[in-house]
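Asker: Numbering-wise, numbering that gives the first Met the number 0 puts 77 at position 78 of the sequence shown, and it's gapless, one number per residue. My questions all concern the structure below.
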Amino acid sequence: MKLQAFSVYDAKAEAFAQPFFEQTTGSAIRAFSDVVNEDGHAFNRHADDYTLYHIGAFNGELGRFEEQDPLSLGNALQYKETPA
């Protein structure tokens with residue numbers, strides 16, 4: 000099984016966070032969006048500082064990481080929902 004690898008870049012810290020894994024890019028975007036819209040979370044309070052990146056994959060059959068150049072999936076501001 001191959002899991003996609005993602006990380007969130009913090010512009011103020013100038014660093015990527017610990018990677019996390021999801022089966023698809025869509026599920027990673029959903030997880031990021033959920034956290035971005037969580038009251039009190041840093042991603043919500045300082046959304047312009049955080050950007051989600053797809054950074055590669057982990058091939059569980061071979062036990063290997065498959066690296067790639069980080070691909071931006073969007074800034075947290077793009078995923079903030081406006082209260083209805």
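We put the CB at the ideal spot given by N, CA and C, even for glycine.
Relative to the alpha-carbon of L2, which residue among E37, A30, T23 has its alpha-carbon at the smallest distance?
Answerer: T23
Asker: Could you please give me the residues that DSSP links to D47 through a beta bridge?
Answerer: For D47, which the question treats as bridged, DSSP gives no partner whatsoever.
Asker: Sorry if obvious, but does the Cβ on S26 come closer than 8 Å to a heavy atom of the ligand SAH?
Answerer: The ligand SAH is absent from the structure shown, which contains no ligand whatsoever.
Asker: Need the endpoints of the alpha helix (DSSP H) that D33 sits in, please.
Answerer: 24 to 35
Asker: Taking Cβ to Cβ, would you say N43 is nearer than 9 Å to A75?
Answerer: Yes, they are a contact pair.
Asker: If you drop the 5 nearest sequence neighbours on each side, which residues of the same chain put their C-beta closer than 7 Å to that of E65?
Answerer: If we look at E65 and ignore the five residues flanking it on each side, its Cβ neighbours are G55, A56, N58.
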